[in-house]
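Residue numbers (UniProt numbering): 1 to 730.
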């Protein structure tokens with residue numbers, strides 16, 4: 001749900017009836033999408049509880065038994081409420097948002113390709129953009145940031161301003177006037193980072209001469225060369241693939257009065273007077289997180305020269321190769337693509353190559369709805385087509401490990417069984433249509449982050465799903481055995497295939513490129529984007545999955561699993577910081593990674609009692625426990641690389657810290673009791689927890705919301721604390 005607690009603003013384009021929005025399952029896609037019932041008869045009927053909850057208009061539920069300080073009862077109450085949010089097909093739908101450059105990407109792509117957006121969608125997109133705009137008196141901070149928790153940047157302000165204008169907001173609307181003043185105070189659109197320059201160049205409101213070239217001929221290089229894009233991190237690879245095609249063609253939308261006006265609105269000097277080549281390396285200080293290395297500037301100079309001399313036959317070969325790979329990506333993912341940035345760019349490529357009447361382009365259009373999410377503040381584009389598998393893995397493990405799943409309650413059993421059925425359907429049992437040719441890692445046996453059709457293997461998602469299946473099928477008497485040993489072994493094979501030589505695990509693939517490729521990164525607004533990186537979070541997930549698998553199937557690849565486990569533990573030890581912590585790359589931040597790392601070390605029988613590393617990690621956490629007993633970590637920790645307290649304790653940070661201390665077998669219950677009391681104190685009488693601060697992050701600088709974390713991790717921490725300290729008076 002939105003992290004914005006103020007009263008939502010209205011849309012300048014009008015309003016929709018919130019009672020007509022419905023979150024509905026999509027047959028055969030294992031996800032749900034928002035649909036507006038515009039019929040006078042209200043053919044979709046009454047809103048579901050799930051729809052009302054995400055729109056913040058759900059009725060107050062009956063009060064549940066007072067936990068009276070009991071963590072077990074509080075965990076039960078939490079799941080009693082949480083069950084109501086489960087979709088009929090077994091998964092939990094939810095918002096996965098935060099980056100403020102996603103909605104503009106869709107709006108720009110739809111504008112260029114003349115893809116119509118329904119009036120109710122346009123209204124709600126603008127309403128969300130208005131609610132995401134920064135408020136206050138600082139003239140330099142009344143635009144939009146890189147993400148929902150960030151201050152105004154040129155990138156965020158330009159793209160969201162453009163999106164509003166393309167959706168029909170008048171240039172003199174107050175939110176446009178405020179944003180334009182901020183943009184001009186920040187120096188105008190010439191200070192955009194590379195991604196922003198590309199989006200404006202596609203619209204024809206920025207000249208391609210002001211963009212550092214990304215030639216499609218890079219895809220023609222021999223694959224043995226370290227610079228070849230197949231060695232890049234998958235998100236960078238799949239974003240720069242369509243950019244290379246569009247940049248190579250100097251693609252530009254047809255001009256119209258709105259675009260002509262934008263050329264005047266976005267700059268602090270007349271458009272025709274701008275020296276575009278001098279803008280290539282101009283990045284506003286508000287946007288610059290990773291200054292470009294001189295080596296990268298040298299490479300871009302070479303590529304700029306190449307643009308002037310590239311023979312047409314070579315350029316056509318490069319364009320054809322880039323398009324071929326875009327086509328493979330579309331077909332491999334059923335036109336969902338890896339994520340919305342490359343999805344929207346691929347949409348433009350498909351339109352340019354095949355035309356608006358082609359079946360390929362129409363398939364692309366149909367999938368746009370999978371990325372739209374509605375909340376009380378309006379509609380926006382999600383960071384993927386959801387986080388369904390990821391969220392489901394955590395709640396199912398929490399239920400089993402807390403003991404809540406071991407029950408005779410029919411509604412809980414039904415919820416658990418439907419969860420298992422959804423995980424069963426989500427496992428990928430074949431490699432993609434275009435496997436090696438599209439530079440993909442194997443998918444046979446893996447699970448994705450979101451849905452099966454999205455089709456990308458993710459190391460920790462596969463691991464968490466494997467653990468969930470083992471917990472649900474092996475430790476509960478009432479669940480059907482849906483996933484065979486053969487399929488579990490396939491998942492284990494995927495995990496083993498993803499371990500890197502240093503023992504660590506990255507996210508989607510093996511580390512393919514040398515570390516010096518980071519010097520060439522053109523993504524000035526992010527950190528660590530060029531190659532895969534080993535993460536303590538991913539490594540722990542894979543280590544714990546291998547350990548649990550071996551408990552039930554000790555004869556399958558036993559020696560290899562043993563070696564892999566030892567390598568993973570060695571990696572975890574090697575990346576511990578001197579202060580005892582681990583840096584988290586996917587959650588906020590040190591509490592998140594330290595929880596995972598201590599879980600890893602516990603599997604090697606390393607505890608507070610016998611391990612200096614574990615003792616140091618516990619001390620790190622205990623030194624940061626707040627006066628109210630909780631933990632609260634700011635998103636700024638991710639950006640700055642040091643622990644920074646949030647202004648208040650957070651339920652999810654507290655749950656992570658409690659689970660970390662429990663994994664370490666910290667002998668004194670008092671800090672754990674205080675943490676549990678904080679979690680219980682934030683719970684409402686009907687069992688839910690209100691929204692808190694931002695939970696997630698990627699690439700060091702961009703926040704993402706995980707609204708299910710406050711349920712899954714709180715239930716897990718409370719239930720596990722009760723199991724570990726059954727005789728403690730809470």
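Don't be surprised by glycine CBs; every beta carbon is placed ideally from N, CA and C.
Just the C-alpha distance for residue i and residue j, rounded to the nearest angstrom, thanks.
i           : j           : result
residue 374 : residue 202 : 28 Å
residue 592 : residue 582 : 8 Å
residue 680 : residue 665 : 22 Å
residue 1   : residue 225 : Since pLDDT at residue 1 reaches only 42, below the 50 mark, its modelled position is unreliable, and no value is offered.
residue 434 : residue 331 : 8 Å
residue 440 : residue 432 : 8 Å
residue 663 : residue 599 : 5 Å
residue 89  : residue 316 : 47 Å
residue 456 : residue 728 : 45 Å
residue 596 : residue 672 : 17 Å
residue 282 : residue 275 : 11 Å
residue 420 : residue 134 : 42 Å
residue 732 : residue 148 : The chain is shown from 1 up to 730; residue 732 falls before or after that span and cannot be answered.
residue 714 : residue 721 : 11 Å
residue 54  : residue 321 : 43 Å
residue 705 : residue 313 : 46 Å
residue 472 : residue 91  : 15 Å
residue 467 : residue 170 : 52 Å
Leaving out five residues on either side along the sequence, give the residues of the same chain with a beta carbon under 8 Å from the beta carbon of residue i.
i           : result
residue 200 : 158, 162, 189, 192, 206 and 266
residue 319 : 216, 245, 248 and 249
residue 476 : 400, 405, 406 and 416
residue 125 : 103, 107, 117, 163, 167, 378, 379 and 380
Report the CB separation of residue i from residue j in whole angstroms; it is logged as a contact under 8 Å.
i           : j           : result
residue 165 : residue 258 : 6 Å
residue 601 : residue 613 : 7 Å
residue 246 : residue 349 : 7 Å
residue 58  : residue 402 : The pair is not a contact, with the Cβ atoms about 25 Å apart (cut-off 8 Å).
residue 325 : residue 219 : 7 Å
residue 36  : residue 120 : 4 Å
residue 28  : residue 451 : Actually they do not touch by this definition, with Cβ atoms about 11 Å apart.
residue 303 : residue 238 : The Cβ separation is near 20 Å, so there is no contact.
residue 106 : residue 366 : Residue 106 to residue 366, Cβ: 14 Å. No contact.
Kindly list the residues whose CB is nearer than 6 Å to the CB of residue i, restricted to its own chain and excluding five residues on each side of it in sequence; keep chain order.
i           : result
residue 290 : 524 and 527
residue 615 : 608
residue 9   : 130 and 131
residue 446 : 428, 457, 462 and 494
residue 109 : 344, 347 and 348
So, for residue i: in the same chain, excluding its five sequence neighbours on each side, which residues have a beta-carbon less than 7 Å away from its beta-carbon?
i          : result
residue 19 : 47
residue 15 : 123
Find the nearest neighbour of residue i within the set the options, judged by alpha-carbon distance.
i           : options               : result
residue 293 : 349, 400, 649 and 517 : 517
residue 731 : 247, 185, 697 and 628 : Nothing in the structure corresponds to residue 731, since the chain is present only between 1 and 730.
residue 609 : 644, 178, 520 and 661 : 661
residue 636 : 554, 198 and 151      : 151
residue 184 : 494, 346 and 269      : 269
residue 409 : 80, 705 and 386       : 80
residue 437 : 148, 196, 75 and 223  : 223
residue 355 : 70, 719, 115 and 693  : 115
residue 13  : 135, 372, 378 and 710 : 378
residue 262 : 719, 180 and 302      : 180
residue 565 : 496, 341 and 532      : 496
residue 594 : 559, 563, 655 and 567 : 655
residue 77  : 25, 64 and 328        : 64
residue 301 : 287, 312, 321 and 280 : 280
residue 85  : 725, 568, 719 and 711 : 711
residue 556 : 490, 387, 569 and 506 : 490
residue 488 : 453, 659, 444 and 182 : 444
residue 228 : 514, 137, 394 and 510 : 514
residue 510 : 520, 533 and 521      : 533
Legend entry - Stretch pair the segment 167 to 177 + the segment 208 to 216: three plus CB contacts closer than 8 Å: The segment 167 to 177 is not in contact with the segment 208 to 216.
Legend entry - Three CB pairs or more closer than 8 Å across the segment 627 to 636 and the segment 648 to 665: Judged by Cβ distances under 8 Å, the segment 627 to 636 makes contact with the segment 648 to 665, as three or more pairs qualify.
Inset, instruction - Could you tell me whether the segment 31 to 41 touches the segment 680 to 691, where touching means 3 or more Cβ pairs closer than 8 Å? - result: No, they do not touch.
Inset, instruction - Give a yes or no on contact between the segment 545 to 559 and the segment 460 to 469, applying the rule of three or more CB pairs nearer than 8 Å. - result: Yes: at least three Cβ pairs fall under 8 Å.
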